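Asker: So that we are looking at the same thing, I have put the structure below in structure tokens.
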Ligand SMILES: Cc1cc2nc3c(=O)[nH]c(=O)nc-3n(C[C@H](O)[C@H](O)[C@H](O)COP(=O)(O)OP(=O)(O)OC[C@H]3O[C@@H](n4cnc5c(N)ncnc54)[C@H](O)[C@@H]3O)c2cc1C
């Protein structure tokens, strides 16, 4: 059964670009004869819209809202294999598996994403150096094509379509359900260590010392620091644990605080962000702190503030994430941080992490061995766009790539240079499927 959706806004998480005309069809049952061919124009699957840019938008076309596809199908605890519909969220999965001693094989920084969205963007987490991407743990899924075909895809069956769909940005068909491995863990808490580092070279030293011994690693970086403090920040690393006695803090997700208003755009300016960064950096007095914390605030600190994207005001914001190979990492990160601080454009959040060499199965997947930096920029028109174009050039000159799943602005030339395999990938796109992102980066016109 297909029902037209109403009453919800279907923008992206960054709320840039804004979409004016877009139909929505809600998908309720995976077993029905879903007649995609008769929907007017192009279609694009949609999860919870936690993608920052336009890979989850389809201006002048139709979104297939999969959130009603929210049923569990099977959980084989002997093998650690979970099968569920594509609209089931990571939050729902955690509620089922954590009390049984399991955890997600890897998780992005929000649990409010669907399994379909996690596969289509081949998401990564703080344990990429150990576990690789989410797609790496997917054993099979069912893909509905617009000609009515239903294909089981796995590394052995329809293997090309399997590789194209993982990280395939929703363009190869509609994932109806998926099966993937979950991970046995010591406990639902994290033994967390946080280390203050005074410059980017120190980050690399701590990182090299951490990846062997810690399952989860990442760092917050103050991108307004300059000179000998360039790239200073706080490094976080941790392992699963079950402390004895169990601390009083619960492992249950915390209650949500809703961002009450949309802040005026001027609130986030160079002065306020500089002051925040300095306070945050100096808030940790000792060089190292140790704490055992529940998994929720460790993995999902931003989930505690419902609708936190309103912090950026009506114009919205852009996330810019790139990865550069190890051989170029220090020069590239320094060049990018210098360019940002020179530009006077503020980045409110910056997260640095070393990716490992566990290969992604996806044809178009973004993660690869190297160092990745993710930055949030309030949208301030041409100034922001021009800066990001300059960052593209630096990334490209250092052999890196920009994450298409988070992008809202890169040029067709940049995308095609970053992902020369896009033409091979394009053979697997379902002719009925398209997105605002794909039309932009291939400069294809709307059908
Ligand atoms: C606070 C925050 C932190 C984040 N941290 C990370 C991180 O650490 N690592 C990371 O990789 N990402 C991260 N992200 C991005 C987010 O994890 C991804 O964008 C994720 O894919 C969003 O899932 P969704 O269900 O909201 O999908 P949507 O954003 O709605 O869609 C994402 C893509 O999946 C496709 N899709 C959705 N459902 C299906 C389906 N059933 N069949 C086929 N295609 C489908 C869509 O067409 C679209 O191309 C973060 C986002 C936020 C807001």
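In this note's numbering, the protein residues as written are 17 to 463.
Quick reminder that beta carbons are idealized off the backbone N, C-alpha and C, glycines included.
None of the values given here were measured: they were computed from a predicted structure.
Is the segment 193-202 touching the segment 148-155 in the sense that three or more CB pairs, one from each, lie closer than 8 angstroms?
Answerer: yes
Asker: Is the shortest distance between the beta-carbon of residue 131 and the beta-carbons of chain C less than 8 angstroms?
Answerer: In summary, chain C is missing from the structure at hand, where a single protein chain is found.
Asker: For ligand 1, is there any heavy atom lying closer than 7 angstroms to the beta carbon of residue 185?
Answerer: To locate residue 185, count along the chain shown from 1; it is residue 169. At least one heavy atom of ligand 1 is nearer than 7 angstroms to the Cβ of residue 185, so yes.
Asker: Tell me whether the beta-carbon of residue 539 lies closer than 8 angstroms to the beta-carbon of residue 62.
Answerer: Because the chain in this structure spans residues 17 to 463, residue 539 falls outside the shown range and cannot be described.
Asker: Would you report the Cα separation of residue 31 and residue 149, rounded to the nearest angstrom?
Answerer: Position 15 of the chain shown, counted from the start, is the residue given in the question as residue 31. Position 133 of the chain shown, counted from the start, is the residue given in the question as residue 149. Spanning the two alpha carbons is a distance of roughly 26 angstroms.
Asker: Alpha carbon to alpha carbon, how far is residue 39 from residue 225?
Answerer: Your numbering for residue 39 matches position 23 in the chain shown. Your numbering for residue 225 matches position 209 in the chain shown. One C-alpha to the other measures close to 50 angstroms.
Asker: Flag this pair as yes or no: are the beta carbons of residue 286 and residue 336 separated by less than 8 angstroms?
Answerer: Counting from 1 along the chain shown, the entry for residue 286 is found at position 270. Counting from 1 along the chain shown, the entry for residue 336 is found at position 320. Result no, Cβ atoms of residue 286 and residue 336 do not sit closer than 8 angstroms.
Asker: Is the beta carbon of residue 243 sitting closer than 8 angstroms to the one on residue 340?
Answerer: If you number the chain shown from 1, residue 243 lands on position 227. If you number the chain shown from 1, residue 340 lands on position 324. Not in contact: residue 243 and residue 340 (Cβ atoms no closer than 8 angstroms).
Asker: Just verifying my parser: in three-state terms, what is the DSSP assignment at residue 139?
Answerer: Residue mapping note: residue 139 aligns to position 123 of the chain shown, counting from 1. If DSSP states are grouped into helix, strand and coil, residue 139 belongs with coil.
Asker: Check whether the segment 364-382 and the segment 138-145 are in contact - that is, three or more C-beta pairs closer than 8 angstroms.
Answerer: yes
Asker: What is the DSSP secondary structure of residue 382, counted as helix, strand or coil?
Answerer: As a working note, residue 382 is residue 366 in the chain shown. Residue state, collapsed to three classes: coil.
Asker: Rounded to whole angstroms, how far is the Cβ of residue 185 from the Cβ of residue 421, which I believe are closer than 8 angstroms?
Answerer: Position 169 of the chain shown, counted from the start, is the residue given in the question as residue 185. Position 405 of the chain shown, counted from the start, is the residue given in the question as residue 421. Right, their Cβ atoms sit about 7 angstroms apart.
Asker: Classify residue 21 as helix, strand or coil using the three-state DSSP reduction.
Answerer: The sequence position of residue 21 within the chain shown is 5, counting from 1. Here the model assigns residue 21 a pLDDT of 48, short of 50, so the residue's position is not dependable, and the following value carries that caveat. If DSSP states are grouped into helix, strand and coil, residue 21 belongs with coil.
Asker: Does the beta-carbon of residue 419 have 16 or more other beta-carbons within 10 angstroms, so that it is buried, or is it exposed?
Answerer: Here residue 419 refers to the residue found at position 403 when the chain shown is read from its first residue. Buried, because 16 or more other Cβ atoms sit within 10 Å of the Cβ of residue 419.
Asker: How about residue 50: is its Cβ closer than 7 angstroms to a heavy atom in ligand 1?
Answerer: Here residue 50 is taken as the residue at index 34 of the chain shown, counted from 1. If you check the C-beta of residue 50 against ligand 1, you find no heavy atom less than 7 angstroms away.
Asker: In the DSSP assignment, the alpha helix (DSSP H) including residue 218 goes from what residue to what residue?
Answerer: Residue mapping note: residue 218 aligns to position 202 of the chain shown, counting from 1. Boundaries of the alpha helix (DSSP H) around residue 218: 216-226.
Asker: Got a sec: does ligand 1 put a non-hydrogen atom nearer than 7 angstroms to the Cβ of residue 400?
Answerer: Numbered from 1 along the chain shown, position 384 holds the residue referred to as residue 400. Residue 400: no, Cβ never under 7 angstroms from ligand 1.
Asker: On the CB-based measure, 16 or more other CB atoms within 10 Å of its CB, does residue 49 come out buried or exposed?
Answerer: Along the chain shown, read from residue 1 onward, the residue named residue 49 stands at position 33. It counts as exposed.
Asker: Please state whether the Cβ-Cβ distance between residue 394 and residue 333 is less than 8 angstroms.
Answerer: Within the chain shown, numbered from 1, the residue matching residue 394 stands at position 378. Within the chain shown, numbered from 1, the residue matching residue 333 stands at position 317. Taking 8 angstroms as the Cβ cut-off, residue 394 and residue 333 qualify as a contacting pair.
Asker: Distance, Cα to Cα, residue 75 vs residue 58?
Answerer: Locating residue 75 in the chain shown gives position 59, where the first residue counts as 1. Locating residue 58 in the chain shown gives position 42, where the first residue counts as 1. Cα to Cα, residue 75 sits roughly 9 angstroms from residue 58.
Asker: Going by Cα to Cα distance, which pick from 426, 411, 446 is closest to residue 187?
Answerer: Start at 1 with the first residue of the chain shown, and residue 187 comes out as number 171. Selected option, being the one with the closest Cα: 446.
Asker: Give me the Cβ distance between residue 204 and residue 129, rounded to the nearest whole Å; I'm assuming they're in contact under 8 angstroms.
Answerer: Here residue 204 refers to the residue found at position 188 when the chain shown is read from its first residue. Here residue 129 refers to the residue found at position 113 when the chain shown is read from its first residue. At roughly 19 angstroms, the Cβ-Cβ gap does not stay under 8 angstroms, so residue 204 and residue 129 are not in contact.
Asker: Only counting the same chain, and skipping five residues up and downstream in sequence, which positions put a Cβ closer than 7 angstroms to that of residue 352?
Answerer: Here residue 352 corresponds to residue number 336 of the chain shown, with the count starting at 1. Here the set comprises 389, 407, 410.
Asker: Can you list, in chain order, the residues of its chain whose CB lies under 6 angstroms from that of residue 365, leaving out five sequence neighbours each side?
Answerer: As a first step, residue 365 is located in the chain shown; it is residue number 349 there, counting from the start. Excluding positions up to five away in sequence, the list reads 392.
Asker: Taking the alpha-carbon of residue 317 as reference, which of 37, 126, 399 has the nearest alpha-carbon?
Answerer: Locating residue 317 in the chain shown gives position 301, where the first residue counts as 1. Out of 37, 126, 399, 126 has the C-alpha closest to the C-alpha of residue 317.
Asker: So, is residue 89 buried or exposed, given that buried needs 16 or more other C-beta atoms within 10 angstroms?
Answerer: Start at 1 with the first residue of the chain shown, and residue 89 comes out as number 73. Residue 89 should be labelled exposed.
Asker: Determine the closest residue to residue 443 out of 177, 296, 288, 241, with distance taken between C-alpha atoms.
Answerer: As a first step, residue 443 is located in the chain shown; it is residue number 427 there, counting from the start. Residue 177 is the option with its Cα nearest to residue 443.
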